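Numbering (our numbering), first residue to last: 605 to 892.
Read through the structure below, which is laid out as structure tokens, and then see the notes.
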């Protein structure tokens, strides 16, 4: 019969770090979604839009997203690059205990550390087994092979801390500003919110940015592009964007032009851009 994995090499779950200095720039936030089922189309990713929503509600934003396979070497390579950054990273998928779940192992390899059963994870998984046993499902005896296999879901890279799972108690893990959680949206999304509110509250609403846009008709992108380039030079820190629409849904072809950045400078840049559009022959109203 398998023996219970060693729990001695992990520290117990530590409190969230103290808030960082408000004078520091807000870190970049990224998403890594792991799973062959997403790349093959068997399942649709739901983490990308949810993370954007959670971040926006806290005055933060998503900077990048990456989708990778369940291949362990691919995950290791991705995480080695990621751990080398100061970014705040949310990783979804592959932390179960079946052969296609390789994220825990890959994270340990990427960091060059071992794996061990986290004591708090072991306790929580034991509580989950007891709860289901009380409902007539399975056994609360953690020595049986089935529950020994469940304990593998608490085997994390050394030095990791847990991320609570309000859905079924089986936790994710946190290490080096990377939060690892299951692929199940019902679990992962609550864990994302917990992490943002517990670990990263110091970054909420620290970056004051606004985004304005308007529709332009009868003006080719090539004609307005020099104005967009000038705008970014004249208002440092303001980004201009141009989103053309060919009218494929029955509407009139148009461009959505906009700016994003600090509120006062963005408002000035937007007013200037509107004037430039009209001076170049564009219209703010669709043709009759």
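From the three backbone atoms N, C-alpha and C, an ideal C-beta is built for every residue, glycine too.
As the structure is a computational prediction, the values presented were derived from the model and not from experiment.
For residue 888, count the other beta carbons within 10 Å of its own beta carbon; 16 or more makes it buried, fewer makes it exposed. Which is it? Residue burial is scored here from C-beta neighbours: residue 888 has fewer than 16 other C-beta atoms within 10 angstroms and is therefore classed as exposed.
Inside the stretch 635 to 716 only - alpha helix (DSSP H) runs reaching at least 4 residues: For the stretch 635 to 716, whole alpha helix (DSSP H) runs of length 4 or above, ordered along the chain, are 640 to 644, 651 to 660, 676 to 687, 707 to 715.
Quiz item: Run through DSSP, which three-state label would residue 849 get?
Solution: In the three-state DSSP reduction, residue 849 falls in the strand class (E or B).
Notebook entry, point to check: Apart from the five residues just before and just after residue 640, which ones in its own chain have a Cβ nearer than 6 Å to its Cβ?
Noted result: Excluding sequence positions up to five before and after residue 640, its CB lies within less than 6 Å of the CB of 673, 674, all in the same chain and listed in chain order.
- prompt: Does the Cβ of residue 692 have 16 or more other Cβ atoms within 10 Å, making it buried, or fewer, making it exposed?
  reply: In the assembly as shown, residue 692 is a buried residue. Its beta-carbon has 16 or more other beta-carbons within 10 Å.
Report task. Kindly give me the distance between the Cβ atoms of residue 866 and residue 841, rounded to whole angstroms, as I take these residues to be in contact under 8 Å. Result -> 6 Å between Cβ atoms; contact.
*asked:* Do residue 760 and residue 777 have their beta-carbon atoms positioned less than 8 Å apart in this structure?
replied: Cβ atoms of residue 777 and residue 760: closer than 8 Å.
Where do the N-terminal and C-terminal ends of the alpha helix (DSSP H) with residue 826 fall, by residue?
-> DSSP places residue 826 inside the alpha helix (DSSP H), whose first and last residues are 825 to 838.
Cα-Cα separation, residue 690 to residue 796 = Linking residue 690 to residue 796 through their CA atoms gives a straight-line distance of about 18 Å.
Bridge partners - residue 816, DSSP secondary structure assignment
Looking at the DSSP assignment, residue 816 forms a beta bridge with 863.
For residue 758, which of helix, strand or coil comes out of DSSP? Of the three classes helix, strand and coil, the one that applies to residue 758 here is helix, per DSSP.
Segment contact flag, the stretch 705 to 712 with the stretch 761 to 773, C-beta cutoff 8 Å, min 3 pairs
Taking a cut-off of 8 Å for Cβ pairs, the stretch 705 to 712 and the stretch 761 to 773 touch, as three or more such pairs fall below it.
Q. Thinking C-beta only, is residue 649 closer than 8 Å to residue 642?
A. When the beta-carbon positions are compared, residue 642 and residue 649 come within less than 8 Å of each other.
### Message
To the nearest angstrom, how far is the alpha carbon of residue 756 from that of residue 857?
### Response
Looking at the two C-alpha atoms, the distance is approximately 56 Å.
_Using the Cβ count rule (16 or more neighbours within 10 Å means buried), how would you classify residue 873?_
Buried is the call here.
Closest by CA to residue 869, which one among 848, 812, 851, 671? That would be 812, whose Cα lies nearest to the Cα of residue 869.
**Prompt:** For residue 670, which residues from the same chain have a beta carbon less than 6 Å from its beta carbon, with the 5 sequence-adjacent residues on both sides left out?
**Reply:** Taken in chain order, the residues that qualify are 636.
**Q.** Length of the line joining the Cα atoms of residue 769 and residue 702
**A.** Residue 769 and residue 702: Cα-Cα distance of roughly 19 Å.
Is the stretch 678 to 689 in contact with the stretch 652 to 664, if contact means three or more CB pairs nearer than 8 Å? Contact fails: fewer than three Cβ-Cβ distances are below 8 Å.
**Asked** For residue 901 versus residue 779, is the C-beta spacing smaller than 8 Å?
**Response** Residue numbering for the chain in the displayed model covers 605 to 892; residue 901 lies beyond these limits and cannot be assessed.
Checklist entry - Going by DSSP, which residues form a beta bridge with residue 793? => result Residue 793 pairs with nothing; no bridge assigned.
Practice problem: Going by DSSP, name the residue or residues bridged to residue 858. | Solution: DSSP lists 849 as partners of residue 858.
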